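Count along the sequence shown from 1, add 17, and you get the number used in the numbering used here.
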Amino acid sequence: MEWEIIRNNWAIIWALLMSGINIIQLLLAKTYARREELEKVSSRLNILEQAVDG
C-alpha cells in the first residue's frame, strides 16, 4: 500500500522535495551575501579607525 502511494504520486513528492531544497539554497545564499557585506563594512570601519588614530 505504501509503495503504491509513492508510485502514484512520485512527481508531486519529487516537486516538494526539490522546492524544499531550493528554499534552503535561497536562504543560504542570502546569509552568505550578508556576510560579504558585513566583511566589507568591517574592513572600511578598520580603515576609518586607523585614519582617525593616525
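The C-beta atom is built at its ideal place from N, Cα and C for all residues, glycine as well.
Keep in mind the model is a prediction, meaning the values are calculated, not measured.
Going by beta-carbon coordinates alone, are Ile30 and Ile41 separated by less than 8 Å? Here residue 30 refers to the residue found at position 13 of the sequence shown. Here residue 41 refers to the residue found at position 24 of the sequence shown. No. Outside cutoff.
By DSSP, does Gly71 sit in helix, in strand, or in coil? As a working mapping, residue 71 is identified with position 54 in the sequence shown. Gly71 falls in the coil class under three-state DSSP.
Where Asn26 falls: helix, strand or coil (DSSP): As a working mapping, residue 26 is identified with position 9 in the sequence shown. Asn26: coil per DSSP, three-state reduction.
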